[in-house]
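One structure is given below, encoded as C-alpha cells.
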Amino acid sequence: MTMLFTLSKLDLRRLLCLLLMVTGVKLTRNTYREELLLLVSFDGFRWDYLERDLTPTLNDLAKHGSRGGYIINPFATKTLPSHFTTVTGLYEESHGLVGTKMYDPVLNETFHRNNTSIEWWSQTGQEPIWITNQRQGGSSAVIEYPGMDVSFGGMRPDYEYSHFSYSVPFDKRSDFAVSLLANGSINFAAIYFHEPDLTGHQHGPDSFEMNDTLKLCDNTVKHLMKELKKVNLLHEVNIIFTSDHGMISVDKSRTIYAENYLNDTIYPHFTTEDNPVLSIWPRKGKFGTIYCH
Ligand SMILES: [Zn+2]
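Mapping of the sequence shown onto mature numbering (1 follows the signal peptide of the UniProt record, and there is no 0): residues -27 to -1, 1 to 266, in sequence order.
Here's what the structure looks like:
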C-alpha cells in the first residue's frame, strides 16, 4: 500500500472497535450502528501522486484527517495478494494468496485470478473483514473488491456490486455504497477502483494520461463526499482511503525472458506472466539446477 489516511472520527475508541471486529470479539448491534466504515482502495495509487497538485480533494482530506507517514507494502506487491492482506490483516505468506497466478504443490493445481475455490482463499481458515463484520451482527457491502465472489464458510457479502466494466462510471460504485449506508442497510462497505493502476500499466506512471486519471480519481472522491453530505453522513462515516502498491517505469530493453532458460522437463511449473515475482517449482531432485543458470 502506498497511501493511507482517514477522515474525521477514527479516534482510539473507533480504532479499538475495528480491531475487535478483526479479532472476532462479539459486539452488540447498537455498537455497529454507531460505527460506519468505508474502505476505499484506488489500485496502484503511488504515494507521491498526491504531490502532483492534481488531487485537491484527497489532499484536503489528508490535511484535515490523518495520513500515515508511510506504509510498508506486503510482499509481493500485486493487486490481489495485497488487497487480501488489507482485509484479512495477514501477510501474504499467511493467507496464501501470493500471486494472481501461482502453483500449489499440495493441491497440485494452478490458481488463476478468477478461481473462487475456498481451498485457495481460506487456506488457514482466514476470512475478510466483511465476513467477520457479518458474523458479529453487522452488515457489509462489497463493491468490486478482490475476493467478493468467494463464499467463506457459506457466507457472501450481504450486498455485492459486481458490474465490472471499464465503461461504468466510478461514481456508480460510490452511489451504491452511499445509498446502503443512508438507509441503514450496512455499517461497512469496501469499494475498489481499478485506477490509476490501469493507466499506469498502459501509459506509465509519469505519462500525461496518468495525470488525467489522477484528476478522475480525485473527482471520484469529491463525488463520494458530496453524496455523503447529501444524506447527512459526511461526519458519521469513518473513511479509509488506501492503495495496494506503487509503480515505477522500467526499461523494456533490459527484459530477460525466463522462458528462454526454463523448460518443462526440469521445471514443470513456473509463473512469469502477470506476477512481479518469478515463481519456479522444479521437478523432484532438480532443485539445485535453479542455481546453474
Ligand atoms: Zn494493484
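Glycine included, every Cβ here is placed at the ideal spot set by N, Cα and C.
| query | result |
| --- | --- |
| MET75 and ASN248 closer than 9 angstroms at C-beta | yes |
| Residue 273 - DSSP class collapsed to helix/strand/coil | The structure shown does not extend to residue 273, since the chain spans only -27 to 266, so no value can be given for it. |
| Proximity below 9 angstroms, CB of SER55 to CB of ASP217 | yes |
| Cross-strand partners of LEU34 (DSSP beta bridge) | Bridge partners of LEU34: none, in fact. |
| CYS190 classed as buried or exposed, judged by whether at least 16 other C-beta atoms fall within 10 angstroms | buried |
| Cβ-heavy atom distance, LYS51 to ligand 1, below 8 angstroms | yes |
| Neighbourhood of ASP144 by C-beta distance below 7 angstroms, restricted to the same chain and skipping five residues each side | THR193, HIS196 |
| Spatial distance of TYR234 from THR228 (CA atoms) | 13 angstroms |
| Residues that TRP254 bridges to, as DSSP identifies them | HIS242 |
| Where PHE181 falls, given that 16 or more other Cβ within 10 Å makes a residue buried | exposed |
| Cβ pair count under 8 angstroms reaching 3, the stretch 83 to 92 against the stretch 127 to 140 | no |
| When GLY126, GLY72, TYR165 are compared against SER138, the one with the closest alpha-carbon | TYR165 |
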